[in-house]
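Numbering of the sequence shown is given in our numbering, commencing with residue 20 and proceeding in unit increments.
Glycine included, each C-beta is placed from N, C-alpha and C at the ideal position.
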Amino acid sequence: MATLINKLAQFKHLTLDEWEELITQKDSINREELYELSEKTRRRYYGNKIFLRGLIEFSNFCKNNCYYCGIRRSNYNVKRYRLSKDEILECCHLGYKLGYRTFVLQSGEDFVYNTDLISDIVSSIKSFYPDCAITLSLGERDKEDYQAWFDSGADRYLLRHETAYFSHYKKLHPKEMSLENRMQCLVNLKKIGYQVGVGFMVGSPYQSPKTLASDMAFIERFNPHMVGIGPFIPHKDTPFRDKTAGSLNDTLFFLSLIRLTIPKVLLPATTALGTIHPLGRELGIKVGANVLMPNLSPKDVRKDYLLYDNKICTGDEAAECINCLSQRMKNINYEIVSERGDSLVNTPNYLSQNFNVKS
Ligand code: SAM
Numbered sequence: 020m021a022t023l024i025n026k027l028a029q030f031k032h033l034t035l036d037e038w039e040e041l042i043t044q045k046d047s048i049n050r051e052e053l054y055e056l057s058e059k060t061r062r063r064y065y066g067n068k069i070f071l072r073g074l075i076e077f078s079n080f081c082k083n084n085c086y087y088c089g090i091r092r093s094n095y096n097v098k099r100y101r102l103s104k105d106e107i108l109e110c111c112h113l114g115y116k117l118g119y120r121t122f123v124l125q126s127g128e129d130f131v132y133n134t135d136l137i138s139d140i141v142s143s144i145k146s147f148y149p150d151c152a153i154t155l156s157l158g159e160r161d162k163e164d165y166q167a168w169f170d171s172g173a174d175r176y177l178l179r180h181e182t183a184y185f186s187h188y189k190k191l192h193p194k195e196m197s198l199e200n201r202m203q204c205l206v207n208l209k210k211i212g213y214q215v216g217v218g219f220m221v222g223s224p225y226q227s228p229k230t231l232a233s234d235m236a237f238i239e240r241f242n243p244h245m246v247g248i249g250p251f252i253p254h255k256d257t258p259f260r261d262k263t264a265g266s267l268n269d270t271l272f273f274l275s276l277i278r279l280t281i282p283k284v285l286l287p288a289t290t291a292l293g294t295i296h297p298l299g300r301e302l303g304i305k306v307g308a309n310v311l312m313p314n315l316s317p318k319d320v321r322k323d324y325l326l327y328d329n330k331i332c333t334g335d336e337a338a339e340c341i342n343c344l345s346q347r348m349k350n351i352n353y354e355i356v357s358e359r360g361d362s363l364v365n366t367p368n369y370l371s372q373n374f375n376v377k378s
């Protein structure tokens with residue numbers, strides 16, 4: 020097993036079988052050594068800097084019905100809300116004052132925010148704050164929409180692939196959704212020139228070493244600028260309400276593997292990780308993560324953007340969040356910086372590759 024970790028540490032390619040072997044035998048791996056390696060790798064490129072992203076959850080309407088997600092369209096217990104352009108700009112004004120230099124606009128798949136409205140919001144933010152990066156996370160849209168938003172000034176796009184294993188994808192989503200479309204969106208985003216983020220939930224129902232090996236092999240080939248992974252946490256109003264949550268240890272393990280696989284990747288220690296363990300985000304940073312995404316949404320809507328149960332920080336003011344996190348990072352000798360924090364990952368000649376999913 021140590022040989023496979025050594026291979027990774029030398030930035031060598033692992034085959035699908037090798038990934039599966041490594042993941043199957045995860046409990047026999049010396050975690051201390053692994054985490055020392057992944058932390059050192061992150062430090063080589065990003066030092067002890069932690070980048071902040073101000074997360075604005077601007078709509079919890081969603082046309083999709085993912086079995087795991089608390090804001091799925093069939094959850095009639097959700098109080099739905101939409102933020103206006105002015106309300107979103109207000110969040111950015113406050114965020115800029117607090118030191119944020121990246122704004123992440125995230126929502127369910129809500130087509131009331133059409134091509135022009137998102138373009139207008141993006142270009143307005145850019146006109147106020149040309150020194151800031153804008154990340155969009157709005158789900159699957161046409162290539163033309165992605166292009167229009169890029170042309171308006173959007174820099175990055177987060178679209179977790181959720182799982183790179185065809186039959187697993189079918190178990191997490193209703194039949195109108197497809198992995199092929201998700202992959203096509205990711206390829207479109209990269210072709211357009213976005214910094215692209217992929218990702219998956221650790222411990223999602225029906226996940227196995229085989230599906231996870233596909234995730235790792237996909238991530239290695241796609242070479243994304245960002246990877247968002249966090250534990251799956253059940254939500255009481257979803258079909259997966261009784262499923263087991265992903266574990267802290269497994270999430271830390273995959274964070275470290277991703278850092279070794281793409282050394283220059285931007286890797287958040289997610290709110291979900293902070294939800295399953297009081298020091299989850301600190302531990303994530305210590306194994307190689309380098310991004311935190313505190314909430315910048317207005318306080319009165321935060322409790323309505325619940326993807327999973329017991330989400331932390333839903334009652335805090337934006338300023339409280341940033342102060343709390345700065346202190347937490349200082350406690351473990353890391354420093355939150357007021358920078359855009361662009362990815363150092365280059366976009367290689369990946370476009371000729373084929374991402375057809377066969378499993
Ligand atoms: N609609 C956009 C999309 O599909 O990418 C962005 C919003 S979506 C709710 C953001 C992410 O939340 C998903 O990609 C999923 O991985 C994560 N998520 C949803 N439900 C979750 C749960 N129960 N536990 C942990 N993460 C969850």
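- Here the alpha carbons of Asp139 and Asn94 stand approximately 30 Å from one another.
- Ser197 carries a coil assignment under DSSP once its states are collapsed to helix, strand and coil.
- Judged by DSSP secondary structure, Lys68 falls within the beta strand (DSSP E) whose first and last residues are Lys68 to Leu71.
- Around the CB of Gln214, 16 or more other CB atoms lie within 10 Å, so the residue is classed as buried.
- In the three-state reduction of the DSSP assignment, Ile90 falls in the coil class, being assigned neither a helical nor a strand state.
- CA-to-CA, the gap between Phe259 and Asn329 works out to about 15 Å.
- Ranked by Cα distance from Lys229, the options Ser146, Leu326 and Ala183 are led by Ala183.
- Here the distance from the Cβ of Gly249 to the nearest heavy atom of the ligand SAM is below 7 Å.
- Taking the CA atoms as reference points, Tyr176 sits about 21 Å from Glu106.
- The beta-carbon distance between Ser57 and Val306, rounded to whole angstroms, is 5 Å. This is short enough to meet the 8 Å contact definition.
- In this structure, DSSP gives Gln44 a state outside helix and strand, which the three-state scheme calls coil.
- In chain order, Cys81, Lys82, Asn83 and Asn84 place their CB closer than 7 Å to the CB of Arg92, counting only its own chain and leaving out the 5 sequence neighbours on each side.
- With a cutoff of 8 Å on beta-carbon distance, Met202 and His180 are scored as near each other.
- If you draw a 10 Å sphere on the C-beta of Val131, you find fewer than 16 other C-beta atoms in it, and that means exposed.
- Of all C-beta pairs linking the stretch 28-39 to the stretch 309-324, fewer than three are shorter than 8 Å, placing the two stretches out of contact.
- If you draw a 10 Å sphere on the C-beta of Gln346, you find fewer than 16 other C-beta atoms in it, and that means exposed.
- For Cys332, the shortest separation between its Cβ and any heavy atom of the ligand SAM does not lie below 7 Å.
- For Cys110, the Cβ stays outside the 7 Å cut-off from all heavy atoms of the ligand SAM.
- With fewer than 16 other Cβ atoms inside 10 Å of its own Cβ, Glu163 counts as exposed.
- Sorting Asn342, Met235 and His244 by C-alpha distance to the C-alpha of Glu39 places Met235 at the top.
- Ile153 places its beta carbon less than 8 Å from that of Asp174.
- For Leu325, no alpha helix (DSSP H) segment is defined, and its DSSP state is neither H nor E.
- Distances from the alpha-carbon of Gly158 to those of Lys189, Asp135, Gln125 and Ser146 put Gln125 closest.
- Nearest to Asn268 by C-alpha distance, out of Gly66, Phe251 and Lys262, is Phe251.
- A straight line joining the alpha-carbon of Arg72 with that of Tyr119 spans about 7 Å.
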